[in-house]
Amino acid sequence: MSQLAEKDLFGHPRGLFVLFLTEMWERFSYYGMRALLVYYMIKQLAFSQDQASEIYGLYTGFVYLTPFFGGILADRAWGQRKTVIVGAVLMAIGHFLMAFQALFFPALFFLILGNGAFKPNISTQVGSLYPPGDPRRDRAFSIFYVGINLGAFFSPLVCGTLGEVYGWHYGFAAAGVGMVTGLLIYLRGQRWLAPDYLMERKLAPEQAPPAFAQEERSRVWSLIAVGLISIAFWAAYEQQGNTIALWADANTDRYIFGWEFPASWVQSINPALVFLLTPMITTLWARQSSKQREPSPVSKMIVGCFLLAAGFLVMVPAARLFDATGDRVSIVWLLLFTLLVTLGELYLSPVGLSLVTKLSPARMVSMMMGIWFSAAFFGNYAAGFLGQYWEKMPKDVFFLMMAAVAAAAGLAILLIYKPLKKAMDAGLRNQGRLDPS
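In case it helps, our numbering puts the sequence shown at residues 9 to 445.
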């Protein structure tokens with residue numbers, strides 16, 4: 009038995025599960041804090057809805073802009089492992105600072121910096137566990153994505169309940185404990201991780217980095233093009249933590265047998281569906297692949313955008329029903345909305361993460377992952393900007409606007425589908441990574 013086989017667990021390198029658990033606890037901390045953020049600003053800090061929406065958009069936006077700089081830092085100076093550790097420490101500090109009302113903005117600053125160092129470098133380490141052409145890579149990112157959403161599922165239940173029932177600061181402190189747990193798991197699992205690019209360069213210092221080839225440039229520009237278009241996807245998707253959270257709080261009937269469950273719990277529906285639906289989606293793709301009919305990554309992203317648009321269209325009749333009756337509407341509307349949004353997410357987000365590690369030149373993979381997350385920065389900022397219209401227009405018109413934004417992203421990818429797929433397929437083929445399907 010080879011050394012690699014001895015280190016495998018359930019058919020994957022053990023390092024995948026180290027990264028799975030680390031990311032799970034980091035996402036527990038992030039989504040636990042995010043589940044409380046808008047409510048905390050409005051109910052405790054007395055911000056207006058417009059102010060809270062703008063701050064929410066800036067915060068969730070900047071946590072996706074700083075990964076670009078965190079990626080550069082890892083590629084050129086610290087390496088991925090050290091940068092992840094620094095990021096985790098900064099985020100833990102930020103979560104604990106949130107327990108003090110006077111330190112609200114410094115806490116956000118620490119969280120933004122920490123996420124920038126952590127986010128791109130934990131994801132790229134998943135790809136580095138697999139050699140070029142290894143068919144397990146895409147499935148590994150689906151497994152990794154489940155870890156993300158396990159943390160996101162439990163965090164509103166734990167942090168949201170502590171924050172809304174016992175006090176905001178208890179919820180934020182619980183998020184901090186989650187981040188520390190993730191850091192400890194990462195430190196204990198170092199021996200199972202693959203060496204990053206800088207570590208490999210130190211082992212072979214005589215080998216100079218190769219010059220950029222035209223084919224590499226085409227791959228980089230393809231990733232940038234998809235990232236730019238995905239901004240519209242994230243602008244609509246991130247309404248879940250903003251205007252959809254407000255809808256759940258004020259417009260949704262949340263009573264079960266006479267007991268009203270906290271509004272923050274609604275944000276656990278999406279991650280719960282992610283880990284329930286992921287096995288079904290990956291099985292579907294495997295069956296399609298066996299019949300030579302699996303959609304290309306670009307096609308999957310187009311489908312994801314239109315599924316997201318369909319989710320917001322579902323909310324249009326819900327909004328009209330509320331306007332007609334004045335009564336809170338059934339949570340079934342939100343469940344159907346979240347189902348469609350989650351399917352859209354599964355067709356776009358993990359596919360994008362895997363694609364970045366496949367197409368990016370090794371010496372800049374963390375920076376390219378940062379560029380991918382930077383698209384989410386602009387999307388999150390746009391989500392906050394668009395959220396300001398929640399109180400300024402009828403709710404059904406707002407949901408129609410969000411559906412149009414998501415559909416526009418799908419149409420934009422469709423318009424450049426042929427040149428985009430050609431560039432990506434050429435890059436994957438030259439690297440020996442193109443799936444025969």
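Using N, Cα and C, we set each Cβ at its ideal position, and we do this for glycine too.
- Only residues of its own chain outside the window of five on either side were considered, and among them Ser61, Gly65, Gln247, Asn250 and Thr251 have a CB closer than 7 Å to the CB of Gly395, listed in chain order.
- Excluding sequence positions up to five before and after Gln198, its CB lies less than 6 Å from no other CB in the same chain.
- In the three-state reduction of the DSSP assignment, Pro139 falls in the coil class, being assigned neither a helical nor a strand state.
- The Cβ atoms of Ser150 and Asp204 lie no closer than 8 Å to each other.
- Rounded to whole angstroms, the Cβ separation of Ser238 and Gly387 is 7 Å, and the two are in contact under 8 Å.
- Within the same chain, Cβ atoms closer than 6 Å to the Cβ of Phe161 are found at Ser276, Pro279 and Ala280, the five residues on either side in sequence being excluded.
- For the pair Gly378 and Pro164, the Cα-to-Cα distance works out to about 26 Å.
- Per DSSP, Cys167 lies in no alpha helix (DSSP H) and is assigned neither H nor E.
- Ranked by Cα distance from Met49, the first of His177, Thr346, Gly418 and Glu268 is His177.
- Distance from the Cα of Val26 is smallest, within the candidate group Arg42, Ala43, Met41 and Arg89, for Arg89.
- Boundaries of the alpha helix (DSSP H) harbouring Glu62: Gln57 to Leu81, taken from the DSSP string.
- With contacts defined as CB atoms closer than 8 Å, Met376 and Ser382 fail to qualify as a contacting pair.
- Annotation for Asn157: Pro279, Val282 and Phe283 place their beta carbon closer than 6 Å to its own, counting only its chain and skipping 5 residues before and after.
- Distances from the CA of Ser131 to each of Ser272, Thr365 and Asp404 were compared; the closest alpha carbon is that of Thr365.
- Using a 10 angstroms sphere on the CB of Arg295, the tally of other CB atoms stays under 16, which defines it as exposed.
- Leu192 counts as exposed, since fewer than 16 other beta carbons sit within 10 angstroms of its beta carbon.
- Beyond the five residues adjoining it in sequence on each side, Thr189 comes within less than 6 Å, by CB distance, of Trp33 in the same chain, given in chain order.
- Contact between Phe113 and Ile101 is ruled out by a C-beta separation of about 14 Å, above the 8 Å threshold.
- A contact is defined here as three or more CB-CB pairs under 8 Å, and the stretch 35 to 53 meets this definition with respect to the stretch 262 to 275.
- Considering only Tyr67, Cys313 and Gly95, the residue with the shortest C-alpha distance to Phe77 is Gly95.
- Distance from the CA atom of Leu351 to the CA atom of Leu419, rounded to whole angstroms, is 18 Å.
- Of the other Cβ atoms in all chains shown, 16 or more fall within 10 Å of the Cβ of Pro358; this residue is therefore buried.
- DSSP places Glu268 within a strand segment (E or B) once states are collapsed to three.
- Between Phe152 and Phe28, the C-beta gap is smaller than 8 Å, which places the two residues in contact.
- Under the DSSP assignment, Ser382 falls in the alpha helix (DSSP H) whose first and last residues are Val373 to Gly395.
- For Tyr194, the uninterrupted alpha helix (DSSP H) run begins and ends at Trp176 to Arg196, by DSSP.
- Proximity to Arg84 across Leu428, Thr333 and Arg371 peaks at Arg371, based on C-alpha coordinates.
- The stretch 288 to 303 and the stretch 407 to 423 do not touch, with fewer than 3 CB-CB distances between them shorter than 8 Å.
- Going by DSSP, Gln88 is part of the alpha helix (DSSP H) stretching over Gln88 to Leu105.
- Within the same chain, no Cβ atom closer than 6 Å to the Cβ of Val234 is found once the five residues on either side in sequence are excluded.
- Thr30 places its beta carbon 8 Å or farther from that of Tyr138.
- Each residue's CA atom was taken as its position, placing Arg42 and Ala183 some 10 Å apart.
- Around the beta carbon of Gly266, fewer than 16 other beta carbons sit within 10 angstroms, so the residue counts as exposed.
- Of all alpha-carbon atoms in Tyr67, Leu316 and Asn129, the one lying nearest the alpha-carbon of Thr91 is that of Asn129.
- Around the beta carbon of Thr333, fewer than 16 other beta carbons lie within 10 angstroms, which makes this residue exposed.
- In the structure shown, the three-state DSSP call for Pro21 is strand.
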